[in-house]
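Visitor:
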Amino acid sequence: MKYSIRNQFTLVFGILMAATVLLCWFINNTFLEHYYLQDKERLLQSAYRSINQASLNNEVFTSEFGNELWRFCSENNINFIVLSSESRVIMTIHDSEIMRRQLIDNIFGLQTSVSRTLKETQNYQIWIKADQVTQIEFVEMWGILDNGTYFLLRIALEGIKGSVALANRFLAYVGVFAVFLSGLITYFVAKKTTDPLMELVEISERMIHLDFDAKYQGHSNNEVALLGNNINEMSLSLENTISELKSANNELERDIRKKEQIEQMRSEFISNVSHELKTPIALIQGYAEGLLEGVSDDQESRDYYCEVIVDEAAKMNEVVKKLLTLNELEFGNTQIQMERFDIVLMITNFLQSVEILLKQSNVKIEFDEAEPIFVWADEYKVIEVFNNYFTNALNHVAVNGVVRITLTKLNWTVRVCVWNEGDGIAEESIPYLWDKFYKADKARTRTYGGSGIGLSIVKAIMEALNRRYGVRNTENGVEFWFELDYIKNNGGLYGS
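Using our numbering, the letters of the sequence shown correspond one by one to residues 2 to 497.
Spelled out as structure tokens, the structure:
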């Protein structure tokens, strides 16, 4: 990533380390020499105070003081000499003759090669001076002790400038290595921190696309793990909330569609009822007005008028009943009562009830089933379906034709087929046969007074039973069929 936290951490800490090394180099280069001189000056003053105090207390020649002074001067590389007023050596360390001549030169003002005076008081002076022979620079302190004797203390500067340059060069090497090492360590430490963050970024991106399967798997106890656990909880909460919203939205869409369907059904119902009842109402009104106006005076004509009125009223009543039945089925107001019954016995009883009608129509009925076939369904609704199929077959059968009823046992169901001999149905009309008031052959429908509601009732009943139904053209006729759950002889049930 262009703005990765890992890279930013590495860069920031690298810059801080480099700045720290540069600052140390600057301080070392600027102030180390001054600090070094101050330290040497402090050591000389400490030795002066010790020698001065011992001379006042007459402890100069004691072994205890000598050992202590010797150890201090040896540890700090200090040379010293103490002379009496007669130039006699009282105390010394290292080369006494050179130190003696140097002190005498200082007393008589013969000193040379003094480069810089560091401090000057009534009793002593501190300056930087180069040795006349070796040209090595020393920090010298000389003067008079409180008991009137002369002293000289000096410490070699030991090449302070070269030491500072060497220290700076070494610091540069160490600093470069430290910056590289710290940057490398910072990179891996930052990587360990940012890897869980990148995992959380990936999880959040998947959540944007409504993928809530990804979960943070870290097991540490730091803030990142706490954030990951909170994201897991948020993911689960969002998934449940979105699921509830989708369910509510689905219910809302279904309610909207149902409302639209109800409104459409209401409009269609009003339109179809108006269309279907318009003709019989006009006939009734016309014949009734004819009777009132005395269009015909003979009894036979009046009886004919009354018969027309009664017949049309009966047709209107039948249409209204079918519409009410269909309306109840479509709106789900009819309760389905599942029961066990013999479909063969039901069809046999139905055919016996319409035997007189069959004799008048000269139609041959073929139904050869004798063994009982038990099914589970609402017997009253099944009779309604069979009645519509059978009536439809009688109305469309060829003159002196055949209506055949068959029962076929399938794997899970029994199929009831009502076939009539005659002309087939136009293929383009078959998908619309189940629509309310649809009439494939309007001319023939007017002959027997069909309303176009019967097959719509079949559709509503079979969908309420959750069973299949249909129609197909055969070689010399038309076959309507429906299926019901089949009960085996041993009491077992096929289908569900």
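We put the beta carbon where it would ideally sit given N, CA and C, even for glycine.
What did DSSP end up calling Ser56 once you bin it into helix, strand or coil?
Guide: Along the sequence shown, one-based indexing puts residue 56 at 55. In this structure, Ser56 counts as helix in the three-state DSSP scheme.
Visitor: Reducing DSSP to helix, strand and coil, say where Arg469 ends up.
Guide: Here residue 469 corresponds to residue number 468 of the sequence shown, with the count starting at 1. In the structure shown, Arg469 sits in coil (DSSP, three-state: anything other than H, G, I, E or B).
Visitor: Extract the residue ranges of the beta strand (DSSP E) inside the segment 393-418, only unbroken runs of 3 or more that lie entirely within it.
Guide: Counting whole runs of 3 or more residues, the segment 393-418 contains the beta strand (DSSP E) stretches 403-410.
Visitor: Would you call Trp420 buried or exposed, if buried means 16 or more other Cβ atoms sit within 10 Å of its Cβ?
Guide: As a position in the sequence shown, residue 420 is number 419, starting the count at 1. Result: buried.
Visitor: By Cβ distance, which residues of its chain are closer than 7 Å to Arg473, with the 5 residues on each side in sequence left out?
Guide: Locating residue 473 in the sequence shown gives position 472, where the first residue counts as 1. Hits under 7 Å: Glu480.
Visitor: Taking the alpha carbon of Glu147 as the reference point, which residue from Ala19, Phe139 and Asn124 has its own alpha carbon closest?
Guide: Against the sequence shown, residue 147 aligns to sequence position 146. The residue asked about is misnamed: residue 147 is Asp in this sequence, not Glu. Minimum Cα distance to Asp147 is reached at Asn124.
Visitor: Could you name the residues of the same chain whose beta carbon sits closer than 6 Å to that of Arg155, not counting the 5 residues immediately before and after it, in chain order?
Guide: On the sequence shown, position 154 is the one that residue 155 refers to. So the list reads Asn80, Phe139 and Glu141, once near-sequence residues are dropped.
Visitor: According to the neighbour-count rule (16 or more other Cβ atoms, all chains shown, within 10 Å of its Cβ), is Tyr449 buried or exposed?
Guide: As a position in the sequence shown, residue 449 is number 448, starting the count at 1. Residue placement at Tyr449 is flagged as unreliable, the pLDDT there being 47, under the threshold of 50; the coordinate-derived value follows with that caveat. Tyr449 should be labelled exposed.
Visitor: In terms of residue numbering, what span does the alpha helix (DSSP H) encompassing Leu485 cover?
Guide: By one-based count along the sequence shown, residue 485 stands at place 484. Where Leu485 is concerned, there is no enclosing alpha helix (DSSP H), although the beta strand (DSSP E) it sits in stretches over Gly478 to Ile488.
Visitor: Could you give the residue range of the beta strand (DSSP E) that holds Val115?
Guide: Taking the sequence shown and counting its residues from 1, the one referred to as residue 115 is at position 114. Val115 -> beta strand (DSSP E) spans Val115 to Glu121.
Visitor: Just to confirm, is the Cβ distance from Gly423 to Gly478 under 7 Å?
Guide: Counted from its first residue, the sequence shown places residue 423 at position 422. Counted from its first residue, the sequence shown places residue 478 at position 477. In contact: Gly423 and Gly478 (Cβ atoms closer than 7 Å).
Visitor: Kindly examine the ligand HEM and report whether one of its heavy atoms sits closer than 6 Å to the Cβ of Glu308.
Guide: What this structure holds is no ligand at all, so the ligand HEM is not there to describe.
Visitor: For the alpha helix (DSSP H) holding Arg89, just list the boundary residues, first then last.
Guide: Locating residue 89 in the sequence shown gives position 88, where the first residue counts as 1. That residue, Arg89, is in no alpha helix (DSSP H); it is neither H nor E in DSSP.
Visitor: When burial is assigned at 16 or more other CB atoms within 10 Å of the CB, is Asn491 buried or exposed?
Guide: Along the sequence shown, read from residue 1 onward, the residue named residue 491 stands at position 490. Because the pLDDT at Asn491 is just 47, under 50, the model does not fix this residue reliably, and the point stays unresolved.
Visitor: Could you give the distance in angstroms between the alpha-carbon of Cys25 and the alpha-carbon of Arg102?
Guide: Translated into the one-based positions of the sequence shown, residue 25 becomes position 24. Translated into the one-based positions of the sequence shown, residue 102 becomes position 101. Looking at the two C-alpha atoms, the distance is approximately 43 Å.
Visitor: Quick one: what does DSSP say Gln126 is sitting in, helix, strand or coil?
Guide: Within the sequence shown, numbered from 1, the residue matching residue 126 stands at position 125. Three-state result, Gln126: strand.
Visitor: In whole angstroms, what is the alpha-carbon distance linking Ile28 and Leu228?
Guide: Reading the sequence shown from its first residue, position 27 is the one you call residue 28. Reading the sequence shown from its first residue, position 227 is the one you call residue 228. Computed Cα separation, rounded: 44 Å.
Visitor: With three or more beta-carbon pairs closer than 8 Å as the criterion, would you say the segment 171-187 touches the segment 111-119?
Guide: Flag = no, the segment 171-187 and the segment 111-119 do not touch.
Visitor: So Ile344 packs on Leu485, CB below 8 Å; how close in whole Å?
Guide: Counting from one through the sequence shown, the residue named residue 344 turns up at place 343. Counting from one through the sequence shown, the residue named residue 485 turns up at place 484. Confirmed, Cβ separation roughly 7 Å.
Visitor: On the three-state DSSP scale, how would you describe Arg155?
Guide: Walking along the sequence shown from the start, residue 155 turns up at place 154. Looking at Arg155 - three-state DSSP - the assignment turns out to be strand.
Visitor: Spatial neighbours of Glu264 within its chain, please: C-beta separation below 6 Å, excluding the five flanking residues on both sides.
Guide: Here residue 264 refers to the residue found at position 263 when the sequence shown is read from its first residue. For Glu264, where only same-chain residues beyond five positions count, there are no Cβ hits under 6 Å.
Visitor: Report yes if the CB atom of Val404 is closer than 7 Å to the CB atom of Ile366, and no otherwise.
Guide: Along the sequence shown, one-based indexing puts residue 404 at 403. Along the sequence shown, one-based indexing puts residue 366 at 365. In contact: Val404 and Ile366 (Cβ atoms closer than 7 Å).
Visitor: Taking only the alpha-carbon atoms, compute the straight-line gap between Asn20 and Ile127 and give it to the nearest angstrom.
Guide: On the sequence shown, residue 20 is found 19 positions in, with the first residue counted as 1. On the sequence shown, residue 127 is found 126 positions in, with the first residue counted as 1. The amino acid occupying residue 20 in the given sequence is Ala; Asn does not appear at that position. Their Cα atoms are separated by approximately 38 Å.
Visitor: May I ask you to report which of helix, strand or coil DSSP gives Glu422?
Guide: The sequence position of residue 422 within the sequence shown is 421, counting from 1. Three-state DSSP puts Glu422 in a strand.
Visitor: Can you pull the DSSP bridge partners for Lys365?
Guide: Within the sequence shown, the letter at position 364 stands for residue 365. Note: Lys365 sits in a beta bridge opposite Val403.
Visitor: Sorted by chain position, which residues of the same chain lie with C-beta nearer than 7 Å to Tyr439's C-beta, five sequence neighbours on each side aside?
Guide: If you number the sequence shown from 1, residue 439 lands on position 438. Tyr433 and Gly453.
Visitor: What number of angstroms, rounded off, separates the C-alpha of Gln262 from the C-alpha of Glu464?
Guide: Translated into positions along the sequence shown, residue 262 becomes position 261. Translated into positions along the sequence shown, residue 464 becomes position 463. Near 16 Å, if we compare the C-alpha coordinates of Glu464 and Gln262.
Visitor: Taking 8 Å as the limit between beta carbons, can you name the residues of its chain near Tyr381, skipping five residues before and five after?
Guide: Translated into positions along the sequence shown, residue 381 becomes position 380. Contacts found: Gln338.
Visitor: Would you grab the beta carbon distance between Glu42 and Lys130 for me? Rounded to a whole angstrom, and I think it's under 8 Å.
Guide: Within the sequence shown, numbered from 1, the residue matching residue 42 stands at position 41. Within the sequence shown, numbered from 1, the residue matching residue 130 stands at position 129. Incorrect: roughly 14 Å between the Cβ atoms, too far for contact.
Visitor: Going along the chain, which residues of its own chain have a beta-carbon closer than 8 Å to the beta-carbon of Asn401, five neighbours each way excluded?
Guide: Against the sequence shown, residue 401 aligns to sequence position 400. So the list reads Asn363, Val364 and Lys365, once near-sequence residues are dropped.
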